[in-house]
Amino acid sequence: MLKVYFTALTSYDGDFHFHYREIIRLLKKNGCQILSGTQIINQKLFNRDAKLKKTDIFKRETKLIQMADCVVAEVTKPSHGVGGEIVFALTQTKPVLGLIYNGNENKISPMLTGNPSDNLFLESYTVEQLPYKVRDFIKHINNLKKRKGKLIVIDGGNGSGKTTQAQLLIAYLKQQKIP
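Position one of the sequence shown corresponds to residue 1 (full-length UniProt numbering), numbered consecutively onward.
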């Protein structure tokens, strides 16, 4: 079962709560275990978290990101917290899906849209497209998990082009977004 850390704006203004609920529902439908994110759509959990020490929340959330196979973030509404979680996930080499509601692409920070990480996948969506965007990302992550642990040996004597072959292989893997 794929472990997913979900994050989104937590100010509880309600604008995108339907989207957040739908993303969580789709992740579960695709066989994912949600490690975090339900507090975003549940007022009782949100209020309970508000009583915790900030350091305790930080420790809990960074641990959950480390436990996750990937991160899914709804990033339409900017948030320092979501940005911090994304950056932390990327430093842990976690694949991150950043979902942007269609028409809001120009409102997203260049710190996100300009990020060159091969593990960051930004996708615009409509409510109708959301099931496919989530499903395709989950399929991609499951395929990546299957590929982990492969060993490639480039053998040859001095001057045989091992360095060149290794550089070409790395460039190809990056181009194909294979970690």
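Glycine included, each C-beta is placed from N, C-alpha and C at the ideal position. From a predicted model like this one, the values you see are computed outputs, not experimental measurements.
Taking residue i as the reference, which of the options has the closest Cα?
i           : options          : result
residue 95  : 101, 104, 85     : 85
residue 250 : 166, 18, 35, 120 : A question about residue 250 goes unanswered here, because the residues of the chain that appear run from 1 up to 179.
residue 127 : 143, 99, 35      : 99
Rounded to whole angstroms, what is the Cα-Cα separation between residue i and residue j?
i           : j           : result
residue 134 : residue 160 : 44 Å
residue 113 : residue 122 : 8 Å
residue 32  : residue 136 : 13 Å
residue 20  : residue 175 : 31 Å
residue 27  : residue 67  : 17 Å
Between which two residues does the alpha helix (DSSP H) harbouring residue i extend?
i           : result
residue 81  : 80 to 91
residue 171 : 162 to 175
residue 73  : Not the alpha helix (DSSP H): residue 73 falls in the beta strand (DSSP E), residues 70 to 74.
residue 38  : 38 to 41
residue 28  : 17 to 29
residue 64  : 54 to 67
From what residue to what residue does the beta strand (DSSP E) around residue i run?
i           : result
residue 97  : 96 to 101
residue 2   : 2 to 7
residue 123 : 120 to 125
So residue i and residue j are in contact, right, with Cβ under 8 Å, and what is the actual spacing, rounded?
i          : j          : result
residue 88 : residue 65 : 6 Å
residue 8  : residue 73 : 7 Å
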